[in-house]
Amino acid sequence: MDFSFENYLAAPLEISESIDEITLLDDKFISYLEKLKNKGLNELFLNEIRLAGIYSSFFQKNLMRSVSFFGDEDTLNCLHSDFCLEYIENKKITSFEDLKSFLFFSVKKEMMKIAFRDILGKTAPCETFKEISLVAETTVCKAVDFLHGELASIYGEPCGEKNLTPQKLMVVAMGKLGAHELNFSSDIDLIFVFPEKGSTDGEKTISSEEFFIKLARKFIMVFKGPVPGENTYIVDLRLRPFGDSGPIVMSLKAMEHYYETQGREWERYALIKARCITGNDEDISKFNSIAAFFIFKRYLDYGAFDSMRDMKKRILYEIKETGNKNNIKNGFGGIREIEFFGQIFQLIRGGIDKRFRRKKIVEILRLLKEEGYISPEVSKGLESSYTFLRLVENRIQQLNGKQIHTIPENKTDLTKISCALGFNNTEKFLSFINRERNFVHSHFISILGNDSDKTEDDIIISAREFWEYSDNKTKALFNKLKKYDLNASKEILDLLKNFKNEIKRQRIHEGTISKLDRLMPMLISEFLRDSISIDVINRVLGIISAIIRKSCYISLLLENPNSVSRVIELCKKSSWIGMYLGKHPVLLDELLDPRTLYYPPEKDEMSLILDSRISGINQGETERILETICVFKQSMTLRIAAAEISGNYPLMKISDRLTELAEVIIERVLQVTWIELVEKFGYPGDKDGLHALTPDIAVIAYGKLGGIELGYGSDLDLVFVHGDADGLVSGEKNISCSQFYSRLARKILSYLSSHTDAGKMYDIDLRLRPGGSSGVIILSLSSFYKYFSKKAWTFEYQAFVKARIVYGETGLEESFNNKRKILLSLKRDKKTFGREVSEMREKIIKTHGLKKDDFFHLKYDSGGMMDIEFLAQYFVLLKSSENEALTRFTDTVRILSILEREGILKRAEASFLRFAYLAYRAMGHQLDLIGKKPVLEKQKFKLLRKKVRSLWKKYLG
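Under the working numbering, the first residue of the sequence shown is numbered 1, with each subsequent residue one higher.
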């Protein structure tokens with residue numbers, strides 16, 4: 001049979017006939033069943049109680065115990081009632097002994113009820129784990145509240161030195177309790193923290209630290225329980241700073257200092273599931289920040305691989321040495337291996353993607369599937385295995401209420417577990433669980449590679465020799481290089497030698513050098529396999545030089561050999577990408593998955609990706625939000641460039657993606673800025689005197705952004721306008737609405753162009769705004785229209801042809817589009833206007849064109865891109881008064897198509913100009929990607945330029 005939750009709901013089976021049922025039931029339990037039968041208890045309910053007792057001695061014992069403490073009616077009612085712990089929360093406790101006794105019997109009663117429902121398949125496994133965790137959490141909170149009150153009645157409330165408000169003990173739940181995944185019989189792993197040093201405010205004053213130490217010690221005594229040999233819970237504090245030798249309670253400041261200076265890698269792993277279950281909200285938030293800063297790095301932490309690999313080796317060694325073949329938690333293919341599998345990804349990616357900070361392993365497995373890190377089959381298989389192993393763990397512990405994780409060897413207990421899970425014999429159960437454990441272990445082994453299976457080929461051996469190059473081997477290595485068709489032998493050996501010497505001079509950390517000594521032979525072997533040119537080798541070494549002090553990126557390449565090949569491939573095709581990767585090494589992560597690297601998303605998907613990356617960052621962390629947006633911009637740009645050089649996307653689509661990327665970023669930056677200013681000043685008014693709950697502002701794109709022709713290094717030509725709002729903002733600081741929007745525009749510009757730790761987003765050019773460099777940053781739409789109607793120069797109208805809204809509320813956007821149509825459609829004198837356009841073009845050629853006879857500039861020189869753009873703009877501005885359709889588009893290619901359709905240009909002319917324009921743009925992109933300026937030899941495009949110039953002369957003289 002295949003295990004599924006549906007099968008589990010049909011379980012349990014009746015116990016095997018080969019075992020005498022009577023031997024499984026306690027005499028008192030049998031007598032109690034008889035008593036209930038005589039009282040006329042429903043036969044089905046009676047049989048359920050009997051069946052649960054057969055499978056769990058713990059259930060038998062604690063049913064009888066609950067009857068004694070809570071009574072018949074309360075006990076039997078609880079078995080079929082909804083899960084509810086309010087009676088624990090509301091119980092009035094009068095003494096320490098009363099607390100100890102009440103919590104002990106309440107926990108046993110609730111666990112008896114959970115066992116009953118779990119064994120009979122009445123609750124889903126995830127609900128069972130949650131209920132078990134909530135029982136522990138509720139009792140912890142009850143104990144802390146009572147003990148705090150008891151101590152405060154003697155010493156007063158503990159207060160901080162700086163914060164005089166009463167303090168609360170923070171109990172940090174670790175491990176499975178932290179993740180709401182506690183198993184049936186489990187210790188509770190806790191850490192005790194208090195906010196800050198201070199003293200109590202009572203007559204009998206003690207320090208806050210003493211207060212919380214007393215509370216913690218009493219807390220531990222509470223959970224030892226009133227019955228000798230039985231604990232309510234075993235409280236395990238060994239995960240606290242310094243372990244057993246550390247203080248029982250620690251202040252937040254002391255804890256932060258410990259993790260900053262002495263925290264170990266395994267503690268990062270352990271803290272992933274940490275969750276405060278008591279304390280003040282403000283203090284809990286501080287603890288969460290301290291823990292997150294320690295656990296998660298603000299980059300992709302591939303450096304964690306080494307420590308996790310060591311941990312994996314220790315796990316494998318432990319399995320081998322202890323022979324825990326039947327231990328389903330720590331043994332072969334056990335629960336720990338699944339948790340380890342998920343937590344590796346959490347440590348690596350949790351710093352930049354908060355979704356990986358989730359506590360539950362099942363949620364992490366699903367996230368890994370969603371993000372494409374593991375296949376749906378692996379995700380489903382590991383989730384199913386995890387659920388099954390946790391169920392087996394519960395059944396084992398429900399036998400006698402003991403904290404054990406080993407499949408029993410005696411026939412009776414093994415039969416109980418098999419039948420309780422719906423298997424009709426033990427052989428089928430053992431066969432199934434072994435299959436699951438083999439599946440789990442195979443993926444545990446694969447997660448960090450299996451070094452023992454690796455063998456080196458001749459090329460890798462040769463590559464290592466080249467990296468370990470010494471002068472006395474020069475001749476032999478020359479000959480080897482020639483064998484691999486690398487004829488520039490001396491230059492390559494000198495390049496590697498100089499690179500290695502430069503690394504030595506930098507005094508790099510020994511651990512990083514060790515990683516580099518493993519990585520370089522991998523790189524050199526790729527050079528040898530493909531006979532890579534010395535220029536490409538130089539580009540690759542440039543990237544390694546850029547990341548040498550960030551060992552996590554060296555680790556990334558080591559752990560992902562396919563990424564090494566992609567680095568080289570991209571550097572072969574584009575020096576610009578090589579420089580871009582060196583400048584922004586965080587982008588190396590994009591090389592892991594070719595399915596995303598070479599296929600950039602469209603606008604809507606880009607927007608969703610950016611939303612997911614910034615959704616977990618607090619609104620007040622502006623610097624981090626901007627840094628995240630900046631990294632997003634770089635990663636999308638890399639993917640677009642990779643798509644272009646791979647040939648997957650034509651030029652127009654590449655420009656579309658780059659343009660859409662800028663639009664998404666402008667919108668997000670504006671939203672961040674709006675929230676920030678509204679919190680500070682309140683909402684501005686709208687034209688009706690009401691407060692605008694959304695920004696009444698429009699961002700107008702000119703130039704390449706407006707024309708949907710953005711390139712890799714393009715500036716953003718922007719102009720800002722706002723609606724005709726009057727009056728003051730709604731906040732206490734009385735600034736006018738125009739002042740508010742002025743500050744908004746300035747801050748948007750600052751954020752778009754400011755330098756972050758990840759670089760900057762864009763260079764911004766405002767010179768096309770009304771008034772040019774001396775004009776105001778933002779003005780109302782009516783003022784904008786007035787300026788254009790009365791003061792704008794011809795070149796401003798030409799630029800305005802490409803103007804379009806890239807952000808704006810619907811009403812403002814419609815108003816702008818109407819005014820744009822009116823302004824473009826003004827009647828113009830053909831002769832005067834033609835002369836002004838020609839004069840402006842000649843002025844640009846003289847100012848920006850090349851003075852060299854042998855070369856020409858793709859954009860500025862005669863016959864180049866600007867001639868075609870000016871022709872398109874000339875016809876739009878000249879003919880729109882007669883034909884409104886000409887104002888529809890902002891990009892040159894579609895404007896030329898409209899001119900053809902409307903008969904203003906002949907089909908052959910428009911077709912040729914589109915062809916020439918796209919050819920120029922494609923060449924410009926190619927030159928960008930190899931790191932060159934848009935300058936070519938005069939003979940290149942000679943015929944195209946000649947024909948473009950002839951059309952210019954035909955229409956503009």
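Backbone N, C-alpha and C define an ideal beta-carbon position, used for all residues, glycine too.
To the nearest angstrom, report how far apart residue i and residue j are at their CA atoms.
| i | j | result |
| --- | --- | --- |
| F294 | I735 | 42 Å |
| A270 | E181 | 15 Å |
| R945 | L951 | 10 Å |
| L496 | A872 | 53 Å |
| N618 | L670 | 16 Å |
| E602 | R657 | 6 Å |
| H755 | S514 | 33 Å |
| D187 | E89 | 22 Å |
| R595 | V440 | 26 Å |
| P195 | T622 | 27 Å |
| F3 | F388 | Reliability fails at F3, whose pLDDT of 48 lies under 50, so the model's placement of it is uncertain and no value is given. |
| F192 | E209 | 11 Å |
| E427 | I433 | 10 Å |
If I'm right that residue i touches residue j with Cβ under 8 Å, what's the distance once you round it to whole angstroms?
| i | j | result |
| --- | --- | --- |
| P408 | W467 | About 55 Å separates the two Cβ atoms, so there is no contact after all. |
| D763 | S773 | Rounded, the Cβ-Cβ distance is 15 Å, inconsistent with contact. |
| T892 | I868 | 6 Å |
| I460 | S525 | 5 Å |
| K130 | F70 | Their Cβ separation, rounded to whole angstroms, is 23 Å, which puts K130 and F70 out of contact at 8 Å. |
| Y807 | I629 | That pair is no contact at about 15 Å. |
| L591 | S563 | 4 Å |
| S185 | K402 | 6 Å |
| T278 | M170 | 6 Å |
| L190 | V172 | 6 Å |
| Q398 | F59 | 7 Å |
| P125 | R390 | 6 Å |
| R841 | F870 | 5 Å |
| G707 | K802 | 4 Å |
Check whether the Cβ atoms of residue i and residue j sit closer than 8 Å, and answer yes or no.
| i | j | result |
| --- | --- | --- |
| M866 | Y874 | no |
| L610 | T659 | no |
| K273 | K359 | yes |
| R349 | F356 | yes |
| Y702 | D717 | yes |
| I338 | Y373 | no |
| L781 | T673 | no |
| L812 | F788 | no |
| F833 | L877 | yes |
| L151 | L237 | no |
| M761 | K633 | yes |
| A143 | L99 | yes |
| G864 | H857 | yes |
| K329 | H405 | yes |
| G616 | K354 | yes |
| D757 | E676 | no |
| L63 | T75 | yes |
| M606 | V664 | yes |
Per DSSP, what are the beta-bridge partners of residue i in this structure?
| i | result |
| --- | --- |
| T756 | G759 |
| E937 | F855 |
| T139 | T139 pairs with nothing; no bridge assigned. |
| H722 | I697 and S780 |
| R275 | A173 |
| P166 | C159 |
| S251 | F194 |
| L716 | I764 |
| S736 | L728 |
| Y702 | D717 |
Inset, instruction - Counting only runs of 4+ residues fully inside the region 50-134, write out the alpha helix (DSSP H) ranges in chain order. - result: With a minimum length of 4 residues, the continuous alpha helix (DSSP H) runs that stay inside the region 50-134 are 57-70, 72-80, 86-90 and 96-119.
Inset, instruction - Please specify which runs of the beta strand (DSSP E), each continuous and at least 3 residues long, are wholly inside the region 199-242, giving them in chain order. - result: As for any beta strand (DSSP E) of minimum length 3 sitting wholly inside the region 199-242, there is none.
Legend entry - Entirely enclosed alpha helix (DSSP H) segments - the region 808-847, minimum 4 residues: Here the runs fully enclosed are 810-824.
Inset, instruction - Report the residue ranges of all alpha helix (DSSP H) runs contained in full by the region 304-340; include only those spanning at least 4 residues, in chain order. - result: Within the region 304-340, the complete alpha helix (DSSP H) runs of at least 4 residues are 304-322.
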